[in-house]
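Step one of this worksheet: look at the structure below.
In full-length UniProt numbering, the protein residues as written are 1 to 107.
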């Protein structure tokens, strides 16, 4: 089992550049600027659209449609937005290799 787990971990693809860049910025910046977070997110249209899709989902049930990254950030907060983007990136990685996903679910 240890070998299967180690192989599966080694075979995981790296996180997308946008997720890594956002994590690095948020975790190291002394003064986080929403405009910089927005710029990083907007550099990847898939991440941008996934964030807007989620923030406009029934899960959050905001009264009005959220059309901008800055509005989403102001509603959810920088840390939550970073975590959402990292979780989506990780979820994509697990779709690639079901061996690891099945092993984790088993235990």
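The C-beta atom is built at its ideal place from N, Cα and C for all residues, glycine as well.
Output yes or no for whether 8 Å exceeds the beta carbon distance between residue i and residue j.
i	j	result
residue 18	residue 47	yes
residue 52	residue 84	no
residue 41	residue 69	yes
residue 9	residue 78	no
residue 55	residue 22	no
Name the residue from the options whose alpha carbon lies nearest to the alpha carbon of residue i.
i	options	result
residue 90	24, 15, 11	15
residue 43	57, 20, 71	20
residue 49	4, 72, 6	72
Which runs of the alpha helix (DSSP H) at least 4 residues long sit entirely within the UniProt domain "HDOD" (12-107)? Give them in chain order.
17-28, 34-42, 45-55, 69-76, 78-96, 98-106
Is there contact between the segment 57-73 and the segment 22-32, where contact requires at least three CB pairs shorter than 8 Å?
no
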